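K.L.:
Structure provided below as structure tokens; questions to follow.
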Amino acid sequence: MKYEKMIKDILGAIGGKENIESAAHCMTRLRLTLKDDSKVEEETIKNIDGVMGLVNNGQQTQIVIGPNVANVYKEFIEMTGLAEEASIDENIDDLKKDLKNKKGNLMTSFFETIAGIFNPIVPALAGAGLVRAVLTIAVVCGLDNSSNTYYVINTIANGVFTFLPFLLAASAAKQFKMNQYVALTICAAMMSSNWAALLAEGTTTFSFLAIPFTVVNYASSVLPMVFAIWFASIIEKYVDKIIPGALKIILVPCLVMLIATPIALITIGPIATWVGNQLAVVVTLLFEKGGVFAGIIYGGIYSSMVVLGIHHGMVPVLVQGITTQGFNYISPTSGAANMGQAGAAFGVWLKAKNPKMKAIAGSAAISAITGVTEPAIYGVNFKYKKPFLAASIGGAVGGGFASFFALKAYAMGGPSFLNFAMFMGDDPMNMWLVMIGFAIAFIIAAVLTVVMGFEEN
Numbered sequence: 001m002k003y004e005k006m007i008k009d010i011l012g013a014i015g016g017k018e019n020i021e022s023a024a025h026c027m028t029r030l031r032l033t034l035k036d037d038s039k040v041e042e043e044t045i046k047n048i049d050g051v052m053g054l055v056n057n058g059q060q061t062q063i064v065i066g067p068n069v070a071n072v073y074k075e076f077i078e079m080t081g082l083a084e085e086a087s088i089d090e091n092i093d094d095l096k097k098d099l100k101n102k103k104g105n106l107m108t109s110f111f112e113t114i115a116g117i118f119n120p121i122v123p124a125l126a127g128a129g130l131v132r133a134v135l136t137i138a139v140v141c142g143l144d145n146s147s148n149t150y151y152v153i154n155t156i157a158n159g160v161f162t163f164l165p166f167l168l169a170a171s172a173a174k175q176f177k178m179n180q181y182v183a184l185t186i187c188a189a190m191m192s193s194n195w196a197a198l199l200a201e202g203t204t205t206f207s208f209l210a211i212p213f214t215v216v217n218y219a220s221s222v223l224p225m226v227f228a229i230w231f232a233s234i235i236e237k238y239v240d241k242i243i244p245g246a247l248k249i250i251l252v253p254c255l256v257m258l259i260a261t262p263i264a265l266i267t268i269g270p271i272a273t274w275v276g277n278q279l280a281v282v283v284t285l286l287f288e289k290g291g292v293f294a295g296i297i298y299g300g301i302y303s304s305m306v307v308l309g310i311h312h313g314m315v316p317v318l319v320q321g322i323t324t325q326g327f328n329y330i331s332p333t334s335g336a337a338n339m340g341q342a343g344a345a346f347g348v349w350l351k352a353k354n355p356k357m358k359a360i361a362g363s364a365a366i367s368a369i370t371g372v373t374e375p376a377i378y379g380v381n382f383k384y385k386k387p388f389l390a391a392s393i394g395g396a397v398g399g400g401f402a403s404f405f406a407l408k409a410y411a412m413g414g415p416s417f418l419n420f421a422m423f424m425g426d427d428p429m430n431m432w433l434v435m436i437g438f439a440i441a442f443i444i445a446a447v448l449t450v451v452m453g454f455e456e457n
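When the letters of the sequence shown are read in order and numbered with full-length UniProt numbering, they come out as residues 1 to 457.
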């Protein structure tokens with residue numbers, strides 16, 4: 001096995017495989033849920049060859065590996081005998097009790113939940129966004145927007161956004177440990193064409209059991225389905241406890257649908273729709289009215305948000321902006337912050353004398369340029385402090401540049417030099433200006449890192 005020594009060293013520093021409850025991975029991190037966090041030898045882990053950093057958010061021990069984490073995870077599972085993406089088997093009361101004993105549990109749980117729901121569907125959104133960008137390029141190059149070819153490609157690009165609630169329902173159901181097919185059935189009822197037909201006729205209010213409610217078209221919506229499935233999962237858990245075993249398979253889904261769907265249509269859906277729309281409007285206004293200062297602040301603090309794990313909280317805002325307005329102001333700014341991290345890592349590569357550190361910094365810089373910043377943040381910049389400060393300053397300047405020109409992203413995805421297509425819209429200069437903003441952040445961060453220096457040890 002290629003990573004056998006690294007894995008053995010990791011196991012030795014976390015109390016052995018018997019101390020592991022579950023193991024998973026994201027794009028760059030090996031995520032371990034441990035029975036006893038006190039057994040973790042943090043400094044030992046950080047010094048293991050191949051490990052770029054360590055993050056402990058109070059619920060998980062996250063070991064930063066880099067782009068090779070999927071291969072490491074595969075061997076880790078083989079060596080430990082754990083199930084892939086194994087989950088902790090515990091009831092709600094045990095979970096609450098456990099959370100009380102872990103620092104920062106409420107905020108951590110919230111952002112982990114947001115990430116758990118939205119991260120799995122980001123590839124679909126990013127892929128569709130790229131298709132939309134390719135279609136824009138094709139039109140500029142002469143494709144007739146009334147042709148059948150345009151019609152088909154446009155349908156491919158917009159399908160995921162129109163039926164986004166179904167993706168959210170499935171993902172939310174998995175996160176809240178609810179039957180996914182029941183969740184999709186509730187989503188189908190809320191997405192029924194009957195509601196769109198009523199709206200087309202001019203009917204904006206309806207009633208159920210003499211209770212009036214606002215008719216809403218939930219196509220492309222974000223928050224309504226998340227909250228509806230969260231509520232349905234609570235109902236399902238309660239109903240499952242009181243229904244006898246032999247009747248569960250029929251009565252539990254039936255009762256969940258009959259209880260959760262009307263309540264979602266009457267209260268949860270309309271309220272969540274209003275909240276989502278207002279959220280998108282507020283964020284848009286902040287960037288439009290705040291101008292340069294909004295970009296400077298967000299570009300400057302975004303990397304710190306990543307360190308704290310709270311950047312996941314912005315994903316619903318991004319999705320809401322894309323689905324309701326067709327664009328967002330956030331990605332050009334957060335992209336500048338990412339390129340600041342890339343520039344700082346590049347500066348470390350230029351300045352470092354230690355061959356190992358030079359290799360890590362160079363690899364991290366390349367990874368950050370593609371939009372994956374964790375190796376640069378945890379393996380290089382945050383470790384040496386001053387490069388992280390340089391990256392934040394570069395991100396602030398690049399973010400201010402983006403806000404000054406009111407630059408936009410028209411698709412989901414990791415903002416980076418390589419993902420330039422997500423910034424292509426009606427104004428061809430938008431994409432070029434975003435790239436200039438990224439370059440500004442990169443250069444400033446790299447220069448500041450070299451000038452300020454850092455203590456290499």
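Beta carbons: idealized from backbone N, C-alpha and C, even for Gly.
Predicted model only: the values in this text are computed from it and were never measured.
When the Cα atoms are used, what is the spatial distance from residue 252 to residue 232?
P.N.:
Each residue's alpha carbon lies about 11 Å from the other.
K.L.:
So, are the CB atoms of residue 398 and residue 443 less than 7 Å apart?
P.N.:
No, the pair does not count as a contact, with Cβ atoms beyond the cut-off.
K.L.:
Please confirm whether residue 336 and residue 437 have their CB atoms less than 7 Å apart.
P.N.:
Cβ distance < 7 Å, so residue 336 and residue 437 count as in contact.
K.L.:
Relative to the alpha-carbon of residue 406, which residue among 287, 423, 445 has its alpha-carbon at the smallest distance?
P.N.:
The option with the nearest alpha carbon to residue 406 is 287.
K.L.:
Leaving out five residues before and five after residue 174 in sequence, what residues of the same chain have Cβ atoms less than 7 Å from its Cβ?
P.N.:
Hits under 7 Å: 180.
K.L.:
Could you name the residues of the same chain whose beta carbon sits closer than 8 Å to that of residue 159, not counting the 5 residues immediately before and after it, in chain order?
P.N.:
Cβ neighbours of residue 159 beyond the five flanking positions: 128.
K.L.:
Helix, strand or coil for residue 444? Go by DSSP, reduced to three states.
P.N.:
Helix at residue 444.
K.L.:
In whole angstroms, give me the CA-to-CA distance for residue 263 and residue 390.
P.N.:
Each residue's Cα considered, the two are about 50 Å apart.
K.L.:
If you count every other CB in all the chains shown that lies within 10 Å of the CB of residue 32, and 16 or more means buried, which is it?
P.N.:
With 16 or more Cβ atoms within 10 Å of its Cβ, residue 32 is classed as buried.
K.L.:
Determine which residues share a DSSP beta bridge with residue 205 and list them.
P.N.:
DSSP, once it has assigned bridges, lists 214 as partnering residue 205.
K.L.:
Put residue 22 into one of helix, strand or coil per three-state DSSP.
P.N.:
Three-state result, residue 22: strand.
K.L.:
Relative to the C-alpha of residue 49, which candidate in 15, 39, 2, 81 has its C-alpha closest?
P.N.:
Of 15, 39, 2, 81, the residue nearest in Cα terms is 2.
K.L.:
Can you tell me where the alpha helix (DSSP H) holding residue 194 begins and where it ends?
P.N.:
Taken as a continuous stretch (DSSP letters only), the alpha helix (DSSP H) holding residue 194 covers 193-200.
K.L.:
Write down the C-beta distance between residue 410 and residue 429 rounded to the nearest angstrom, noting that I regard them as a contact closer than 8 Å.
P.N.:
So it is not a contact: roughly 14 Å between Cβ atoms.
K.L.:
How long is the line joining the alpha carbons of residue 78 and residue 115, rounded to whole angstroms?
P.N.:
Taking the straight line joining both Cα atoms gives about 27 Å.
K.L.:
Can you tell me which of 402, 367, 346, 83 puts its alpha carbon nearest to the alpha carbon of residue 387?
P.N.:
Of 402, 367, 346, 83, the residue nearest in Cα terms is 346.
K.L.:
When you compare only the Cα positions, how much space is there between residue 254 and residue 183?
P.N.:
Taking the straight line from one Cα to the other gives about 12 Å.
K.L.:
Quick check: what's the CA-CA separation for residue 100 versus residue 23?
P.N.:
Unreliable placement is indicated for residue 100, whose pLDDT of 43 sits below 50; the coordinate value is still reported in the next sentence. Approximately 22 Å, taken between the alpha carbons.
K.L.:
Give me the Cα-Cα distance between residue 88 and residue 271, rounded to the nearest whole angstrom.
P.N.:
At residue 88, the pLDDT of 31 sits below 50, so the modelled position is not reliable; the number obtained from the coordinates is stated separately. Their Cα atoms are separated by approximately 33 Å.
K.L.:
Unbroken beta strand (DSSP E) runs of length 3 or more, entirely within the UniProt domain "PTS EIIB type-1" (4-86): which are they?
P.N.:
Qualifying beta strand (DSSP E) stretches, in chain order: 20-25, 29-34, 53-56, 61-64.
K.L.:
Give me the Cα-Cα distance between residue 334 and residue 225, rounded to the nearest whole angstrom.
P.N.:
Cα-Cα distance, rounded: 27 Å.
K.L.:
Which residue or residues does DSSP assign as beta-bridge partners of residue 328?
P.N.:
Answer is 409.
K.L.:
Which residues in the same chain as residue 62 place their Cβ atom closer than 6 Å to its Cβ, once the five residues preceding and following it in sequence are excluded?
P.N.:
If we look at residue 62 and ignore the five residues flanking it on each side, its Cβ neighbours are 29, 31, 55.
K.L.:
Grouping DSSP H, G and I as helix and E and B as strand, with all else coil, what is residue 316?
P.N.:
Looking at residue 316 - three-state DSSP - the assignment turns out to be helix.
K.L.:
Work out the CA separation of residue 318 and residue 124 for me, nearest whole Å.
P.N.:
Taking the straight line joining both Cα atoms gives about 14 Å.
K.L.:
State yes or no: is the C-beta of residue 415 within less than 7 Å of the C-beta of residue 331?
P.N.:
Yes, these two residues count as a Cβ contact at 7 Å.
K.L.:
Kindly provide the ranges of any alpha helix (DSSP H) runs that are 4 or more residues long and lie completely inside the region 327-386, ordered along the chain.
P.N.:
The region 327-386 contains these whole alpha helix (DSSP H) runs: 330-351, 355-369.
K.L.:
If I follow the unbroken alpha helix (DSSP H) through residue 248, where does it start and stop?
P.N.:
From DSSP, the alpha helix (DSSP H) with residue 248 extends over 248-263.
K.L.:
Taking all protein chains shown into account, decide if residue 76 is buried (16 or more other Cβ within 10 angstroms of its Cβ) or exposed.
P.N.:
When all chains shown are included, residue 76 counts as buried.
K.L.:
For residue 217, which residues from the same chain have a beta carbon less than 7 Å from its beta carbon, with the 5 sequence-adjacent residues on both sides left out?
P.N.:
Cβ within range, chain order: 195, 196, 199.
K.L.:
According to the neighbour-count rule (16 or more other Cβ atoms, all chains shown, within 10 Å of its Cβ), is residue 118 buried or exposed?
P.N.:
With 16 or more Cβ atoms within 10 Å of its Cβ, residue 118 is classed as buried.
K.L.:
Under three-state DSSP, which class holds residue 179?
P.N.:
Residue state, collapsed to three classes: coil.
K.L.:
Quick test of your reading: residue 15 and residue 39, contact by CB under 8 Å. State the CB separation rounded to the nearest angstrom.
P.N.:
With a Cβ gap of about 3 Å, residue 15 and residue 39 count as contacting.
K.L.:
Which term fits residue 149, buried or exposed, when burial requires 16 or more other beta carbons within 10 angstroms of its beta carbon?
P.N.:
So residue 149 counts as exposed.
K.L.:
In three-state DSSP terms, what is residue 219?
P.N.:
Three-state DSSP puts residue 219 in coil, outside helix and strand.
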